[in-house]
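Participant:
2 protein chains.
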Amino acid sequence: MTEAAQQFRLNQQPLYAQVRAALVERLISKVWSPGSMLPSEFRIAEELGVSQGTVRKALDEMAASGLLVRKQGRGTFVAEAADNEVLFRFYRLVPNGQDGLSAKGFPESIFLERKRARANSREQTIFQIGGTETVWRLQRIRSVNAEPVLWEELVLPSSSFPDIEQVDPLPNNIYQLYSSRFGIIVAHVHEELRAVNASAAVAGHLGIAEGTALLEIDRRAVALDGQTIEWRTSLCHTKNMHYRNEL
Amino acid sequence: MTEAAQQFRLNQQPLYAQVRAALVERLISKVWSPGSMLPSEFRIAEELGVSQGTVRKALDEMAASGLLVRKQGRGTFVAEAADNEVLFRFYRLVPNGQDGLSAKGFPESIFLERKRARANSREQTIFQIGGTETVWRLQRIRSVNAEPVLWEELVLPSSSFPDIEQVDPLPNNIYQLYSSRFGIIVAHVHEELRAVNASAAVAGHLGIAEGTALLEIDRRAVALDGQTIEWRTSLCHTKNMHYRNEL
DNA sequence: TAGTGGTCTAGACCACGCC
DNA sequence: GCGTGGTCTAGACCACTAT
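Note that the protein sequences, when read in sequence, are chains X and Z. Convert by adding 628 to the 1-based position in the first sequence; the result is the number in this note's numbering. Convert by adding 628 to the 1-based position in the second sequence; the result is the number in this note's numbering.
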């Protein structure tokens, strides 16, 4: 029996799961950053004292959950938010006529506000932080074909985004910023959708009548280490757009 | 080189993908029906002339996409709509406070109407049928805690649901009916979500004010053979409910 | 040509459910 | 005890990419 097989017996957890956990740990600790290439399956196997097939199973699972991207003949890479697949994983609002997902309906952003403030009680709960800590609150309008369709507020815990005030202007695709500048990999997103009647303020921003039905999307983005790193509330005018979901 | 490996070269498609296709074909042709047990991996491998590992890869993929359920020590089974995992795969509306998915928030149904009619032009397009064919149109109200929260219309192509008029009353979980009585396995669901203002008619059904924002869910359910077998439009009052999505 | 991931096989043993 | 799926290994060969 190999050393690895013995370890399996002790931990009561499959070897490939232990391998996966070890590799995820390297992503969390930023030993491997978004875009960088991992060692080959054989090197990882040799290093961890397991067979290549076991490493493959761990890598396949991580690729399936969007953490890695595997390219035959080239290697295995840490996923980047810039990768098209990753981008559209979290982006579901598409123009009505459009069949597939494409960059065409991707909205332009205009940031209205960027303020730092003490976390209120709800934010303290969401981000698991104390009342002395601060958050960033960003507001923006997103437009498709120069027509405003979405008002959005993003709340970020300041501690996860040092010196974000120096980033100006903020990019249209903000997950790419999280990934490239702060090394944050979004592992999971929790969304709650509701329909609400537009307030006078939001109606003004979107150029619609007060009371118009809007699709509200309440989203929490969770990083690899389990920390919630973004709380986003979007209000979308769904006259020419819709939220697409494939089950 | 084995015969199977030669076939691989000829078809330019991985063996396990061919095995998967062969097994899916048996589900479509109802050789194996929902709930029934498949032969063991070794039997399938022997029958198809491939190794057990190749069959395993095909079965694992089919289990991942919700077609099969694998149970260690028991066997591999065709998924049933009654299985909890399958049920909640397509059911996303949950009460606001609720953390996980459970049967608690599952709404009761009252069917208002069940009419058979010629397919209109939109239905002809959706179901890929001619104008002489008919569809069933069902309308129901769904309630949670005796409070109506959702108005829904379901359209079904009659040819896929023979003698459905004899089913009375229609069950609350209608996908279970598709599965158990008609042998239809829903392989995929396409949903489009929008916010709309309630019409007077729907507002009356739900006991709310006209113009109240409602979440509209336009859903098309596609069977294993690629045929769309249900077109559903739901209007949900999201005061105490929301649509939950995990990405 | 060298190095990477992708496929396929064969065989051993473990964990679980049932009789 | 038997049959099932689950894990792990070892090795061969294929397909793709870069140089």
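Note that beta-carbon positions come from the ideal geometry of N, C-alpha and C, so glycine has one too. Every value quoted in this text rests on a predicted model; they were computed, and no experiment measured them.
#1: Please classify Ile925/Z as buried or exposed, where buried requires at least 16 neighbouring CB atoms within 10 angstroms.
#2: Nearest to Glu781/X by CA position, among Leu863/X, Ile754/X, Ala815/X, Tyr806/X, is which residue?
#3: Can you tell which of Phe716/Z, Ala823/Z, Arg765/Z has the C-alpha that lies nearest to the C-alpha of Arg872/Z?
#4: Could you tell me whether any Cβ in chain X is nearer than 8 Å to the Cβ of Asn712/Z?
#5: List the residues of chain X whose Cβ lies closer than 9 Å to the Cβ of Leu842/Z, in chain order.
#6: Can you tell me whether Ala650/Z is buried or exposed, with buried defined as 16 or more other CB within 10 angstroms of its CB?
#7: Rounded to whole angstroms, what's the CA-CA distance from Leu878/Z to Leu852/Z? Just pull it up for me.
#8: Need the endpoints of the alpha helix (DSSP H) that His833/X sits in, please.
#9: Identify the residues that DSSP records as bridge partners of Ser862/X: which are they?
#10: Determine, for Leu875/X, whether the minimum Cβ-Cβ distance to residues of chain Z falls below 8 Å.
#11: For Ser664/Z, which residues in the same chain have their Cβ closer than 8 Å to its Cβ, ignoring the five residues on either side in sequence?
#12: Who are the neighbours of Thr866/X on chain Z, taking C-beta pairs under 7 Å?
#13: Measure from the alpha carbon of Ser657/X to the alpha carbon of each residue in Ile813/X, Glu844/X, Gly839/X, then state which is nearest.
#14: I need the DSSP call for Phe789/X, collapsed to helix, strand or coil.
#15: Any idea what DSSP makes of Gly703/X, helix, strand or coil?
#16: If you reduce the DSSP assignment to three classes, tell me which class Ser664/X lands in.
#17: When you check each C-beta in the segment 804-833 of chain X against every C-beta of chain Z, which residues fall closer than 8 Å?
#18: Could you check the C-alpha separation between Pro723/X and Pro797/X for me, to the nearest Å?
#19: What are the start and end residues of the beta strand (DSSP E) that includes Ile738/X?
#20: For the beta strand (DSSP E) containing Asn825/X, name the first residue and the last one.
#21: Applying a beta-carbon distance threshold of less than 9 Å, which residues of chain Z neighbour Arg717/X?
#22: Does any residue of chain X have a CB that is nearer than 8 Å to the CB of Tyr644/Z?
#23: Would you mind stating whether Arg847/Z and Glu874/Z have Cβ atoms separated by less than 8 Å?
#24: Pick helix, strand or coil for Ile656/Z, following the three-state DSSP scheme.
#25: Helix, strand or coil for Val795/Z per DSSP?
#26: To which residues of the same chain is His816/X closer than 8 Å at the C-beta, ignoring the five residues directly before and after it?
#27: Would you list the residues sitting across from Ile757/Z in a DSSP beta bridge?
#28: Closest by CA to Thr753/X, which one among Ser679/X, Glu736/X, Val783/X?
#29: So, is the C-beta of Arg684/X closer than 8 Å to a C-beta in chain Z?
#30: In whole angstroms, what separates the C-alpha of Thr861/Z from that of Gln767/Z?
#31: Excluding the five sequence neighbours on either side, which residues of its own chain have a C-beta within less than 8 Å of the C-beta of Thr880/X, listed in chain order?
#32: Return the Cβ separation of Val697/Z and Val647/Z in integer angstroms, given the expectation that the two are a contact with Cβ distance under 8 Å.
#33: Would you mind working out which of Arg750/X, Pro785/X, Ala710/X, Val714/X sits nearest Ala692/X, comparing C-alpha positions?
#34: Using 10 angstroms around the beta-carbon of Leu740/X, count the other beta-carbons present and answer buried if the total reaches 16, otherwise exposed.
#35: Alpha carbons only, please: which of Pro735/X, Thr762/X, Tyr719/X is nearest the one belonging to Asn748/X?
#36: If you follow the beta strand (DSSP E) that Thr762/Z is part of, which residue opens it and which one closes it?
Facilitator: A quick look at the data gives this:
#1: Any question about residue 925/Z goes unanswered here, given that chain Z covers just 629 to 875.
#2: Leu863/X
#3: Phe716/Z
#4: no
#5: Ala823, Ala841
#6: exposed
#7: The shown model of chain Z, from 629 to 875, leaves out residue 878/Z, and the question about it has no answer.
#8: 828-834
#9: Glu780/X, Ile845/X
#10: yes
#11: Phe705, Val706
#12: Arg822, Ala823
#13: Ile813/X
#14: coil
#15: strand
#16: coil
#17: His816, Val817, His818, Glu819, Glu820, Leu821, Arg822, Ala823, Val824, Asn825
#18: 26 Å
#19: 736-746
#20: 814-825
#21: Leu875
#22: no
#23: no
#24: helix
#25: coil
#26: Ala849, Val850
#27: DSSP output for Ile757/Z lists no bridge partner at all.
#28: Val783/X
#29: no
#30: 10 Å
#31: No information on residue 880/X is available, as it lies outside the stretch 629 to 875 that chain X covers here.
#32: Wrong, their Cβ atoms sit about 18 Å apart, outside the cutoff.
#33: Val714/X
#34: exposed
#35: Thr762/X
#36: 762-772
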